[in-house]
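See structure below.
Residue numbers (the numbering used here): 39 to 137.
Pasting the structure below:
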């Protein structure tokens, strides 16, 4: 017989619960350890996948950075000559721009 006290009205209630004579501690702890090992393997696998995705994103950002630099340098040159088009030194050359 197990006695249960309710918090609200502090009344003692009796409830019939069969008592367990044998608790397999070794079996339950082994099962818990196996589950924890499985969860650790899953967590490591997820971390591996996140790291792999991060490496792929770094490669993509590296390519985008190179493209940005390649586009921005000519833009700066054109912007400078566009502001001072009257004083552009290549305009006085006979054949135009040097290649």
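The beta-carbon is built from N, C-alpha and C at its ideal position, and this holds for glycine as well. The structure presented is a predicted model; accordingly, all values stated were derived computationally and were not measured.
Helix, strand or coil at residue i according to DSSP, with G and I counted as helix
i	result
residue 131	coil
Own chain, CB closer than 8 Å to residue i, minus 5 neighbours either side, in chain order
i	result
residue 82	none
Close Cβ partners of residue i (< 6 Å) along its chain, the five nearest in sequence each way excluded
i	result
residue 69	none
Beta-carbon proximity list for residue i, same chain, < 7 Å, skipping 5 on both sides
i	result
residue 133	none
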